[in-house]
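Below is one structure, written out as structure tokens; the observations come after it.
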Amino acid sequence: GFHVKVKEWDENGMARWKTFRRQKR
Amino acid sequence: EWIKFAAACREGEDNSKRNPIAKIRSDCEEKHPITYSISGVGIDRAPYGIFVVNPRTGEINITSIVDREVTPVFVIRCFAKHSVTGIDLEPPLELRVRVLDINDNPPIFAQTVFTGSIEESSMDNTLVMKIIASDADEPNHLNSKIAFKIESQEPSGPPMFIMNKYTGELHLANYLDREQHSSYTLVVKASDRDGAADGISSLCSCNVKVIDVNDNFPTLAQSSFSASISENSLSSDLLRIQALDADEEFTDNWLAEFFFLSGNEDNWFEIVTDRATNQGILRVIKELNYEYLQTHSLIIGVRNVAAFHHSVARDFQMSGTPLTIEVKNVIEPPRFHPSSVVFSVSESTRVNYVVGTYTAIDEDTGAIASNVVYSIGRDPAAWFRINQNTGEITLNKVIDRESIYVINGQYRAEVLAITRGVTRYTATGTIVLSIQDINDNCPTINTELRKVCMHSPSVIITAKDRDGDPYGPPFTFSIHGEPQTTWIIRSINASSAELVSQNIDFYIYRIYISVRDNQGRRSSSTTLSGAAIGLMFLGGLIFVLIPILMSMSDCCGCGPGAAGGVGTGFEPVPECTEGAIHPWGIEGAQPEDRDVSHILAPTTAAGGDFCEPSDIYTNTYGGGGVVASGVEETTGVGYGTGTGYGTAGGISGTGEVKGSIGGTIKEYREGGVNMAFLDNYFSEKAFVYADEDEGRPANDCLLIYDHEGVGTPVGSVGCCSFIGEDTDETYLDTLGPKFKTLAEICLGKEIEPFPDVNLPWPCVNVTFPNPESDLNLPPPGTTIVVNGCAPMPPPVGTTTVVTENTYTSGSTIQPPRPMPDPLLHGNMTVTETYTSGSPSLCVDPLRASNVVVTERVVGPASASDLRGMLDIPDLADGSNVIVTERVIAPNSRLPTSLSIPDLVDGSNVVVTERVFRPASGMPGSLINIP
């Protein structure tokens with residue numbers, strides 16, 4: 001698979017990675 | 026397959042501190058060497074290089090500050106390729122990066138200054154205008170939500186307007202009075218973030234104009250006005266009355282309209298408004314009379330040009346302002362009052378008739394002026410004289426309603442009244458003479474002779490009458506005389522008619538037409554109009570020409586000239602044909618001219634003296650007698666066949682024919698003319714001519730001749746027309762000599778003589794009474810010698826055309842005269858001879874041997890009349906009409922007496938005789954006269 005991870009920031013300014021996958025629509 | 030938004034960045038900030046913002050990885054990197062790459066807007070398309078990727082690790086970094094208002098979303102397309110072969114090991118993957126909005130844009134107004142207007146006195150909450158603004162930040166976001174607010178109002182005071190915070194609509198919030206403030210200026214603020222304190226604000230200006238309405242009543246500057254003016258004078262600016270009005274200047278709400286409430290019933294005054302000053306200008310438009318009124322008390326009112334506004338209209342109350350005009354007295358000259366006076370008189374009023382008295386008035390006293398002298402001023406026809414002391418007006422001349430100075434039955438002149446003394450004044454009055462018409466003028470016919478076309482022959486006849494109604498049109502036109510059988514009159518309108526021939530022919534008609542006015546006054550035959558002069562003249566010509574024409578058309582074709590019966594010549598009577606319809610005359614085909622002197626000359630012939638030159642060749646027509654007509658042939662079977670028949674009788678009877686032709690066309694009709702035959706006869710001609718039109722030059726000569734009816738005056742005018750081009754007379758050259766002569770006579774040309782080496786033509790004169798002064802034809806019994814010249818005995822070898830005619834009136838037909846012995850020398854043509862009076866023929870007998878005599882006699886078949894002249898049997902019916910025609914062509918051995926022909930030598934004589942429409946009982950033996 002081909003994966004992508006995106007860095008997000010929470011309300012406290014802490015970063016965390018969130019992985020997205022291909023999805024069937 | 027797609028990937029949801031996966032990342033976000035904030036516009037206007039340095040997002041690099043958050044790198045890597047994303048990371049991509051393929052499961053294939055465990056087995057293959059992989060190189061990661063990205064593409065799209067912000068990468069390899071403008072704006073370039075905002076995002077970059079680490080090819081080995083797949084980490085994506087943001088490198089620049091972004092603007093949401095430029096690129097709200099970036100789409101990063103991610104690839105995983107084999108590092109050696111470059112083959113995509115994974116399908117491309119899209120990573121969306123959204124740019125988060127910040128409030129970095131202020132509200133922007135659509136206009137820098139907003140303007141609007143509203144009428145004063147409008148109701149509250151009336152919409153005045155709408156303010157429009159926009160914000161570039163993210164739509165539907167607080168950053169772009171605008172709130173409006175009125176920041177200030179100029180002039181200040183109570184707020185007059187209210188602003189809708191969300192829509193920007195400006196409404197009226199208070200009562201507006203233009204006369205207090207004609208406009209307002211507002212400062213409006215627009216703030217985003219819904220007007221919150223952290224929002225961004227902008228300001229604009231709003232100008233509101235207050236529109237005027239007519240809510241103020243005009244007033245006058247003074248409570249009363251006065252002025253003075255001399256009597257008998259006018260003024261265009263006697264007084265100015267100032268109006269006051271609070272409404273907007275120079276508009277109809279401000280402009281005053283002045284009017285009189287009373288005192289100006291006779292319309293002496295008027296008030297106009299000076300639009301620049303709003304002043305009423307008092308004008309005097311009728312002279313004031315001090316003696317009539319010394320002071321004029323007027324009441325004036327004022328209002329606006331525009332109607333009052335509904336809000337105040339019911340409050341308006343008209344108030345009058347007094348205006349006093351004093352009239353100053355002046356010394357006045359005399360004056361005619363009224364300024365004109367009308368006198369009615371009949372046209373028959375005689376000289377010295379007192380029309381009336383017209384005096385001047387002393388204006389100061391109102392009495393008849395006593396210190397004046399009267400005289401006649403402008404008087405174009407000098408009809409009046411006036412008593413200088415009394416003003417009595419008298420006719421100075423016989424008045425004529427038909428005078429050029431009379432217009433619509435009225436004649437105008439001026440009377441002057443001049444004061445005596447050093448300083449002289451003159452008053453002028455007009456006298457109008459209204460003249461009652463009398464029927465003192467006959468209608469006159471204004472018809473010019475026209476060329477009458479054979480196929481559409483008509484003449485327009487117009488008439489006029491100098492008298493006015495009711496003595497003028499409608500006119501009644503009447504035909505008199507024989508041609509009523511051929512000619513009819515069709516009315517065109519009240520003053521004109523069309524004279525139409527249904528069967529026009531190559532014959533001579535003399536048509537007498539009378540016209541009567543509405544009251545029955547008839548154009549008198551003895552008082553011919555100017556138009557009739559021409560007719561009369563031509564009528565005279567016709568008399569001259571009839572014999573010629575007849576000789577040309579009727580001659581027996583036995584002669585040498587018969588061969589030429591085509592083209593422009595007369596067509597001859599077919600030789601020895603009986604009862605055939607003779608083709609109409611075409612010149613040139615008849616027997617050539619022959620000398621008739623040898624049958625006319627002998628002076629020893631019985632009957633007495635024929636040698637009076639004045640009587641030679643006289644064609645005599647009795648009053649109203651039918652002499653010739655368009656009908657020349659007969660249907661009588663067998664007529665004209667007998668050679669030598671009636672030769673002498675015909676000739677000898679010539680003189681008596683006149684005595685037998687008292688009948689008229691009326692009698693023709695009453696006797697039962699064979700109209701069917703006539704119709705057929707002329708129709709046939711018309712058809713033939715129709716066929717020949719293209720090949721025939723339109724230059725036929727047509728003489729129309731008609732005869733008056735019973736009771737019409739002798740010698741009434743005839744009509745002669747000639748067909749040809751007005752501007753081209755070359756057609757004359759195409760005619761034969763005889764017809765050409767006819768044409769030339771018709772055209773008034775000087776007749777060229779036939780080639781003659783010996784003698785000139787006998788003079789051909791036409792003498793009429795003075796046409797200018799009096800064209801009355803003579804009363805019965807009078808003889809008009811149309812050709813007054815005494816003919817000269819033609820010398821041997823000459824050809825003579827006799828064109829002498831004598832009109833003789835009188836009911837008593839003269840006894841026939843024996844014809845002279847025609848043993849003449851030379852060439853003589855006698856075309857037609859009618860004799861009723863004195864000896865008719867006298868020519869030199871020593872002439873050539875050829876004689877052609879053509880004769881037609883039309884008259885009632887009164888055998889007694891004809892007896893002795895013609896050797897014909899009695900006709901049972903005396904009213905029958907007989908037309909006889911003889912052509913005598915004797916050779917040199919003609920008998921010496923025409924009255925008693927020697928038929929022993931009949932072979933030398935050709936006689937053709939025809940009877941036209943013989944009486945039913947008329948024996949055919951008429952032709953059998955030996």
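If you're matching them up, the sequences are chains A and B in order. With this note's numbering applied, the first sequence corresponds to residues 1 to 25, in that order. With this note's numbering applied, the second sequence corresponds to residues 26 to 955, in that order. Beta carbons: idealized from backbone N, C-alpha and C, even for Gly. Only a predicted model underlies this, so the values are computations on that prediction, with no experimental measurement involved.
| Check | Outcome |
| --- | --- |
| Secondary structure of B/S147, DSSP reduced to three states | coil |
| contact_flag[the region 429-447 of chain B, the region 331-345 of chain B] where n(CB pairs < 8 Å) is 3 or more | no |
| Rounded distance between the beta-carbons of B/D272 and B/D237, thought under 8 Å | 5 Å |
| Closer than 9 Å at the beta carbon, the chain B residues around A/G13 | Going along chain B, no residue has its Cβ under 9 Å from A/G13, so there is no contact; the nearest lies around 10 Å. |
| Start and end residues, beta strand (DSSP E) containing B/V355 | First-last for B/V355: undefined, no H or E at that position. |
| Beta-carbon proximity list for B/T244, same chain, < 8 Å, skipping 5 on both sides | A268, L269, D270, V327 |
| Straight-line Cα distance separating A/H3 from B/S216 | 45 Å |
| The region 306-313 of chain B / the region 358-377 of chain B touching (three or more Cβ pairs under 8 Å) | no |
| 8 Å Cβ cutoff, B/C34 in contact with chain A | no |
| Coil, strand or helix - A/A15 by DSSP | strand |
| Bridge-paired residues (DSSP) for B/L961 | This structure gives no information on residue 961 of chain B, because the portion of chain B shown stretches from 26 to 955. |
| Within 8 Å of chain A by C-beta, residues of the region 36-58 of chain B in sequence order | R43, P45, I46, A47, K48, I49, R50, S51, D52 |
| Under 8 Å between C-beta atoms of B/R102 and B/S64 | yes |
| Endpoints, the beta strand (DSSP E) within which B/Q461 is located | 451-461 |
| Opposing strand residues paired with B/I393 [DSSP bridges] | B/I386 |
| Local conformation of B/D219 per DSSP, three classes | helix |
| Contact under 8 Å by Cβ, B/D126 with B/K170 | no |
| Close beta carbons around B/I514, own chain, < 8 Å, minus the five adjacent residues each side | I486, F502, S503, I504, A522, E523, L524, V525, I538 |
| B/L118 at chain A interface by Cβ criterion, 8 Å | yes |
| Under 8 Å between C-beta atoms of B/S395 and B/L441 | no |
| CB contact flag (B/N86, B/N44, <8 Å) | yes |
| Counterpart residues of B/L307 in DSSP-defined beta bridges | B/L264, B/I296 |
| C-beta neighbour in chain A for B/C229, strict 8 Å | no |
| Simplified DSSP state of B/E55, which is helix, strand or coil | helix |
| is_contact[B/A172, chain A] using C-beta, thresh 8 Å | no |
| Interfacial residues, the region 132-158 of chain B to chain A, with Cβ spacing under 9 Å | none |
| Chain A within 8 Å of B/E94, Cβ atoms only | no |
| Interface partners of B/A105 on chain A, CB under 7 Å | F2 |
| Validate contact between the region 106-113 of chain B and the region 131-148 of chain B using beta carbons, cut 8 Å, 3 pairs | no |
| CB contact flag (B/V120, B/E176, <8 Å) | According to the sequence displayed, residue 120 of chain B carries Leu and not Val. Not closer than 8 Å, so no. |
| Collapsed DSSP secondary structure at B/E168 in the structure displayed | The displayed chain sequence assigns Asn, not Glu, to residue 168 of chain B. Helix, per DSSP. |
| Coarse secondary structure for B/S336, derived from DSSP in three states | coil |
| Start-end ranges of the alpha helix (DSSP H) lying completely within the region 50-124 of chain B, minimum 4 residues | none |
| Cβ pair B/V330, B/L286 closer than 8 Å | no |
| Local conformation of B/R515 per DSSP, three classes | strand |
| Cross-chain neighbours of B/E194 in chain A, by beta carbon under 7 Å | Result: empty, since nearest Cβ-Cβ is about 41 Å, beyond 7 Å. |
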